[in-house]
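Colleague: Got a structure for you, questions after.
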Amino acid sequence: MSITYLGYFFIALLIGCGGPVQAGINSTLAKTLGHPLLGAVTNTMVATLVILIVMITFRVPLPTLKAISSAPWYAWFGGFIGAFAVFGALNYAPKMGAAAYVSVTILGIVSASLVLDHFGAIGFQKNPITISKLFGAGLVICGMTIIQFQR
-19 MSITYLGYFF IALLIGCGGP VQAGINSTLA KTLGHPLLGA VTNTMVATLV
31 ILIVMITFRV PLPTLKAISS APWYAWFGGF IGAFAVFGAL NYAPKMGAAA
81 YVSVTILGIV SASLVLDHFG AIGFQKNPIT ISKLFGAGLV ICGMTIIQFQ
131 R
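With the working numbering, you'll find the sequence shown wraps up at 131, consecutive numbering, no jumps.
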């Protein structure tokens, strides 16, 4: 394992740790504001503001109309999926518990990732499903099941 990959690993780990923390924070905000959608829109507005500040700081140039129009149709659904993920986390994580919610989402992440990699879909390189990857996914299912039934 290269040093660069190890760096990516730890950054991804920290990002993953943020998921349940974000769900709890957003849930608290939703309760304070009176509705889960208000928590979700506030989260999205703050995220947009932070990204705009970073873009201005790093002087990221805006894309041309040609570049925008050349994006595949499905490229515009990332924001929809992100909004659904934020709303889902802040609405369901408090009802299920952080570990139960995250374990189910990890199962979804692993399942979708295996399929996307296998077919090289939506910009990923082809990386076929193997028996060892299926075994790993099975272990994720076992872990998720244990977490779900320990509630």
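Where a beta carbon is used, it is the ideal one built from N, C-alpha and C, also for glycine.
How should LEU42 be labelled, buried or exposed, when 16 other C-beta atoms within 10 angstroms of its C-beta is the threshold for buried?
Modeller: Start at 1 with the first residue of the sequence shown, and residue 42 comes out as number 62. With fewer than 16 other Cβ atoms within 10 Å, it is exposed.
Colleague: If the criterion is Cβ atoms closer than 9 Å, does the pair ILE121 and LEU87 meet it?
Modeller: Here residue 121 refers to the residue found at position 141 when the sequence shown is read from its first residue. Here residue 87 refers to the residue found at position 107 when the sequence shown is read from its first residue. Against a cut-off of 9 Å, the Cβ pair of LEU87 and ILE121 comes out as a contact.
Colleague: Is VAL1 buried or exposed, if buried means 16 or more other CB atoms sit within 10 Å of its CB?
Modeller: Here residue 1 is taken as the residue at index 21 of the sequence shown, counted from 1. Label assigned to VAL1: exposed.
Colleague: Around the C-beta of PRO16, are 16 or more other C-beta atoms found within 10 angstroms, so that it is buried, or is it exposed?
Modeller: Here the question's residue 16 lines up with position 36 in the sequence shown. Per the 10 Å Cβ criterion, buried.
Colleague: If we ignore side chains and look at the alpha-carbon of each, how far apart do PHE64 and LEU119 end up?
Modeller: Counting from one through the sequence shown, the residue named residue 64 turns up at place 84. Counting from one through the sequence shown, the residue named residue 119 turns up at place 139. Each residue's alpha carbon lies about 27 Å from the other.
Colleague: Could you spell out the range, first to last residue, of the alpha helix (DSSP H) harbouring ILE(-17)?
Modeller: Here residue -17 refers to the residue found at position 3 when the sequence shown is read from its first residue. -17 to 13 is the span of the alpha helix (DSSP H), which, as asked, contains ILE(-17).
Colleague: Relative to the C-alpha of ALA79, which residue among PHE38, SER93, PHE129 is closest?
Modeller: Within the sequence shown, numbered from 1, the residue matching residue 79 stands at position 99. Considering only alpha carbons, the answer is PHE129.
Colleague: Classify ALA51 as helix, strand or coil using the three-state DSSP reduction.
Modeller: To locate residue 51, count along the sequence shown from 1; it is residue 71. Here ALA51 sits in coil by DSSP.
Colleague: Are the CB atoms of ALA3 and ALA69 nearer to each other than 9 Å?
Modeller: Looking up residue 3 in the sequence shown gives position 23. Looking up residue 69 in the sequence shown gives position 89. Yes; because the gap between Cβ atoms is below 9 Å, this pair is in contact.
Colleague: Tell me the DSSP secondary structure of GLN105 in three-state form.
Modeller: As a working mapping, residue 105 is identified with position 125 in the sequence shown. Of the three classes helix, strand and coil, the one that applies to GLN105 here is coil, per DSSP.
Colleague: Return the chain-ordered ranges of every alpha helix (DSSP H) run that is complete within the region 17 to 70 and spans a minimum of 4 residues.
Modeller: If we require 4 residues or more, the alpha helix (DSSP H) runs fully inside the region 17 to 70 come out as 45 to 49.
Colleague: Would you mind reading off the limits of the alpha helix (DSSP H) that contains GLY116?
Modeller: Numbered from 1 along the sequence shown, position 136 holds the residue referred to as residue 116. Counting along the chain, the alpha helix (DSSP H) containing GLY116 begins and ends at 111 to 129.
Colleague: Could you give the first and the last residue of the continuous alpha helix (DSSP H) run that contains GLY88?
Modeller: Position 108 of the sequence shown, counting from 1, holds the residue named residue 88. 78 to 99 is the extent of the alpha helix (DSSP H) around GLY88.
Colleague: Count the other CB atoms, across all protein chains shown, that sit within 10 Å of the CB of VAL30; report buried if there are 16 or more and exposed otherwise.
Modeller: To locate residue 30, count along the sequence shown from 1; it is residue 50. Per the 10 Å Cβ criterion, exposed.
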